[in-house]
Amino acid sequence: MNYIVMMPAAGSGQRMGAGFNKLFLMLGNKPILIHTLEVFENDLACVEILLAVKQEEQSEIQAALNQYGITKVTRLVDGGSERQYSVAACIEAYDGDDIVLVHDAARPFIQQAVIKDLVSTAAKYGASIAGVQAKDTMKLAPLGIVEKTVDRETLWIIQTPQAFQIEVLRKASNQAKEDGFLGTDESMLVERLGYPVRIVQSTYDNVKMTTQEDIVFGEILLKRQRESKLKEDEI
Ligand code: C5P
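Residues 1 to 235 (this note's numbering) make up the sequence shown, in order.
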């Protein structure tokens, strides 16, 4: 089933401490942003990508798209001061009716199988989000003192992509804007309108490149990917 991608890429990545947008950092021989875009460039079901970028980075990003042969980015949308506003700008710029996948440009290791599952679940039920189960023991301790141990079987660590029928996402985004509500992901905006959101099992390697340690982990994942591709090619 076809889908489009709304990809926020307008952050500053302060926690990375690079002094510039972390999406330009190299992972292997390509910028993080290009690795993430290539996942969708290589997926036949992805028909279009709307990329939210900072105005002052537009030309640099356009040059990178040309250099690496990324053809599916149809629009560079002006990003906002918060991630939610960057996604909202993409929603405003879109007038089609395909399933929408919102995906952080900083997560280059998302797998095709998870994307497929997300798209079909959202098409059927309205909203679906990628997540993995908590592995560690989880405690609720709002003031640093344990109130209780939470049953980890019931807890999910949520990632992107998050997939939606466009009417659901548009309604949630408009309502959040009207209420001045700022969430940490699009699912929160949809949940607060009472829509059910289904979780799709993702993988632990779909990490967001946030700090220097993530880059180290990312290099290892990339090496592993290359090795398994080499093995596949040998067969
Ligand atoms: O900062 P963080 O990694 O959590 O941001 C997640 C994604 O949202 C990144 O791809 C980043 O570029 C994007 N973002 C954005 N607009 C902002 C802040 C973040 O598009 N104002």
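Ideal Cβ positions, reconstructed from N, Cα and C, are used throughout, including at glycine.
Extent of the continuous alpha helix (DSSP H) run through residue i
i: L65; result: Q58 to Q67
i: G218; result: Q212 to E234
i: R170; result: I166 to D179
i: V207; result: Premise fails: V207 is in no alpha helix (DSSP H) and is neither H nor E.
Distance CB(residue i)-CB(residue j) smaller than 9 Å
i: M7; j: V102; result: yes
i: W27; j: P142; result: The sequence given here places Leu at residue 27; Trp does not occur at that position. Cβ atoms of L27 and P142: not closer than 9 Å.
i: S173; j: I99; result: no
i: E48; j: V5; result: yes
i: I70; j: A64; result: yes
i: A89; j: K177; result: no
i: P196; j: G126; result: yes
i: I166; j: D185; result: no
i: Y84; j: L182; result: The sequence given here places Gln at residue 84; Tyr does not occur at that position. It is a contact, given that the beta carbons lie within the stated cut-off.
i: I199; j: S128; result: yes
i: N243; j: Q111; result: It is not possible to answer for residue 243, since the shown part of the chain is limited to 1 through 235.
i: T210; j: G13; result: yes
i: S228; j: A130; result: no
Limits of the unbroken beta strand (DSSP E) element including residue i
i: R75; result: V73 to D78
i: I4; result: Y3 to P8
i: L193; result: No beta strand (DSSP E) holds L193; DSSP gives it neither H nor E.
i: V53; result: C46 to V53
i: Q201; result: R198 to Q201
i: V150; result: K148 to V150
Inter-residue CB distance, residue i and residue j (contact presumed, cutoff 8 Å)
i: A163; j: A106; result: In fact, because the Cβ distance is near 18 Å, the residues do not count as touching under 8 Å.
i: A134; j: S86; result: Incorrect: roughly 28 Å between the Cβ atoms, too far for contact.
i: Y68; j: K116; result: Contact doesn't hold; Cβ gap of about 24 Å is too wide.
i: L25; j: I215; result: 7 Å
i: V132; j: W156; result: 7 Å
(request) Assess, as a yes-or-no matter, whether the region 68-78 is touched by the region 183-195 under the definition of 3 or more beta carbon pairs within less than 8 Å. (result) no
(message) Extract the residue ranges of the beta strand (DSSP E) inside the region 98-142, only unbroken runs of 3 or more that lie entirely within it.
(response) 99-102, 127-133 and 138-140
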